[in-house]
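Chains as they are written, first to last, in this note's numbering: chain A, 1 to 130; chain B, 131 to 727.
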């Protein structure tokens, strides 16, 4: 009995030591991982900062103006090209010009598709949406 | 009492504590050995230790066999040598100044074994490092010297592969200005150590950034909010471009231009040429690269007449219907004041403005009197230094003994040297309804601006000045500038420069101020040219309307849509309601019928 208790006590001792040290090493591992991730984040942020500066440099007005002069045929906008929203002309009534053209050509009747003998007598005239 | 298993020899110590029975038993049990169980126990202990060492050996073999990913860890390096600074953005969020992380190479001279070899290898890899200077620096007894700041990643790799002891890298933040010379004077620059030297950079330091850094806070991009300037990058570029073209066209020595929002006091754009690129800051030290708008003081010439006439109107001594005698030259002692393109007749107040008559303006100022004149100019902030966010500012040159002659000449803008930005502030006050708003280089709302703005003239006076400026643009000296489409009002100013003690007739400083739109002003434009020349197309004339006015017209045309100025297709029916109420109905009738003006 005493011997069993002894062995149990020793086992418990070793077990608790293993547990404590494994927790410690786990913590160390996670702390290192966290530090590594933080450094990677910092690295990414630095790169982002560099890219923002690069973008600002590439889209600076001087360069865009030079490129626009070289490749685009734009001219300075004239005042006459600016119109206020309430000065736009009224939209007229909506006319379906294509539908009118089809009707004039006699094509407004729906087409019968072959293999459709049952449907041939009852031609459903589905009018196009107006 | 003696224990039963006392087979071993008793120590003398045991004898000493024989008197205490408990301790006697404990001590006795320490020294007993059960010889019959010992071999088992010894074998057990040996087995446990063997197992432990076997596990360690197995782990070692395991570590040796498994290929570990190359660890990219470094020790946590402290980034606080050149700490981060907040970005400076324009009013629309575009970057004007930002930090990038660069590596700087440093050396620890005490650790370098062979200094000559180090110098040779380093100068071979890094361009721009003087060999002799570097050798001197390495020869010193210091513990830390810089070899080269801000090296490229390529150079960093090469220095790393040299494998020199005592050479290391330090990450630093370097300030870059992606837009080059645009808005250089406003931004100022920050040096390699991240300390603001001039302009907004220095202002940011003064606002507590330097204190935070000094206190040791680690400042990263996340916890520094960017500073939003009042500048509009596109408008600033357009302004600078047009000014540069104008200076070349009119063969001027230098020039400056600015756009001010009269209601909020924000400086939307500012340029002073010649200027410098803040990325190479050594150019900033050249005295011709100063910011002429806030650091230079000039006699503003006839643009000051707007202030004098406003003073006369505000005091009530003169109304828009008054007539001033401008028939003869004004004599004061041995000095004679005459007009440019003299009219030689009695002029009404609007005519005084549109003809830009020195004589009549001087007479009006004399009506107010010397003390009244001084008080008004002090009220308008023209007699003391204008303090804005930019640390650089200039004290106006005020005559020490201010007598009547000074009042006469200062009335038409000669005899008092002010910074052009100050004059803009005063004319802006005349345009925005009568409150003096201090110019600012940071984005600001109208309520905040008007909160601390003192009222300097009555609203009726402000409207009268707007009417006069509009009239000037229709039929007066400003009509040559011909700025279409935004209902602009303007005032020209041509001042003779003082050369060797007296006024030189052929060297002038021309200014042109335009307020747009004249009925509800939003922006005030100023262009200033130093010694423009007459051209064949201007008929050889070098007065302000022909050069500064033309440049301002181009600026308004180019930036009008950027700034959101509403183009005027039909003239507003009643642009000046207060004047109509006071009985000046003619103010609302355009004097010059032009389509789309």
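Each residue gets a CB set at the ideal place from its N, CA and C atoms; glycine is no exception.
Remember, predicted model here, so these are calculated numbers, not experimental data.
Is the stretch 225-241 of chain B in contact with the stretch 264-275 of chain B, if contact means three or more CB pairs nearer than 8 Å? yes
For residue 278 of chain B, the residue or residues it bridges with in DSSP: B:235
I want to verify the contact list: residues of chain A whose CB lies under 8 Å from the CB of residue 437 of chain B, in sequence order. None at all; the shortest Cβ gap to chain A is about 32 Å.
Within 8 Å of chain A by C-beta, residues of the stretch 443-457 of chain B in sequence order: none
Helix, strand or coil for residue 300 of chain B? Go by DSSP, reduced to three states. strand
Same chain, Cβ closer than 7 Å to residue 556 of chain B, neighbours up to 5 away in sequence not counted: 437, 510, 511, 512
Supposed contact pair residue 543 of chain B and residue 434 of chain B - C-beta distance, whole angstroms, cut 8 Å: 3 Å
If you draw a straight line from the C-alpha of residue 206 of chain B to the C-alpha of residue 325 of chain B, how long is it? Since pLDDT at residue 206 of chain B reaches only 44, below the 50 mark, its modelled position is unreliable, and the value read off the structure follows with that caveat. Straight-line Cα distance between these residues: approximately 25 Å.
Counting along the chain, where does the beta strand (DSSP E) carrying residue 636 of chain B start and finish? 632-646
Just to confirm the assignment: which complete alpha helix (DSSP H) runs, minimum length 4, are found wholly within the stretch 524-560 of chain B? 534-541
Can you name the residues of chain A whose CB is closer than 7 Å to the CB of residue 306 of chain B? 53
Is there a Cβ of chain B sitting closer than 8 Å to that of residue 71 of chain A, yes or no? no
Whole-number beta carbon distance between residue 220 of chain B and residue 228 of chain B, since they are thought to touch under 8 Å: Actually they are not in contact, since the Cβ atoms of residue 228 of chain B and residue 220 of chain B sit about 12 Å apart, beyond 8 Å.
Counting only beta-carbon separations shorter than 8 Å, does residue 57 of chain A have a partner in chain B? yes
Take residue 559 of chain B as the anchor and find which of B:637, B:387, B:593 has the nearest alpha-carbon. B:593
Return the chain-ordered list of same chain residues with a C-beta closer than 7 Å to the C-beta of residue 576 of chain B, the five sequence neighbours on each side being excluded. 393, 394
Using DSSP bridges, identify the partner residues of residue 453 of chain B. B:478
Compare the C-alpha of residue 584 of chain B against each of B:550, B:601, B:591, B:566 and name the closest. B:566
With distances taken from CA atoms, which of B:621, B:399, B:402 is nearest residue 606 of chain B? B:621
Neighbouring residues, chain A, relative to residue 691 of chain B (Cβ below 8 Å): 77, 82
Simplified DSSP assignment, three categories, for residue 21 of chain A: helix
Taking the alpha helix (DSSP H) that residue 507 of chain B falls in, what are its first and last residues? 500-509
Contact criterion: CB-CB distance below 8 Å. Does residue 355 of chain B meet it with respect to chain A? no
Out of B:309, B:291, B:281, B:597, state which residue places its alpha-carbon closest to the alpha-carbon of residue 322 of chain B. B:281
Taking only beta-carbon atoms, is residue 489 of chain B less than 8 Å away from chain A? no
Residues, ordered as in the chain, of the stretch 228-248 of chain B that lie near chain A by beta-carbon distance below 8 Å: 228, 229, 230, 231
Measuring only between beta-carbons, confirm whether residue 727 of chain B sits less than 8 Å from chain A. For residue 727 of chain B, the predicted structure reports a pLDDT of 40, less than 50, and the residue's modelled location is therefore unreliable. A value from the coordinates is still provided. False, the Cβ-Cβ gap to chain A never drops below 8 Å.
When B:431, B:491, B:649 are compared against residue 549 of chain B, the one with the closest alpha-carbon: B:431
Of the residues B:440, B:374, B:419, the one placed nearest residue 680 of chain B, counting alpha carbons only: B:374
Reference residue 311 of chain B; option with closest CA among A:75, A:87, A:57, A:104: A:57
From this set, B:471, B:443, B:481, which residue's C-alpha is nearest residue 564 of chain B's C-alpha? B:443
Taking 8 Å as the threshold (beta carbon to beta carbon), is residue 720 of chain B in contact with chain A? no
Taking Cβ to Cβ, would you say residue 595 of chain B is nearer than 8 Å to residue 440 of chain B? yes
Assuming residue 119 of chain B contacts residue 360 of chain B under a Cβ cut-off of 8 Å, what Cβ separation, rounded to an integer in Å, is found between them? Any answer about residue 119 of chain B is impossible in this case: the structure gives chain B only from 131 up to 727.
Beta-bridge pairing of residue 403 of chain B - partner residues as DSSP gives them: B:385
Quick check on the DSSP output: the beta strand (DSSP E) that includes residue 658 of chain B runs from which residue to which? 653-660
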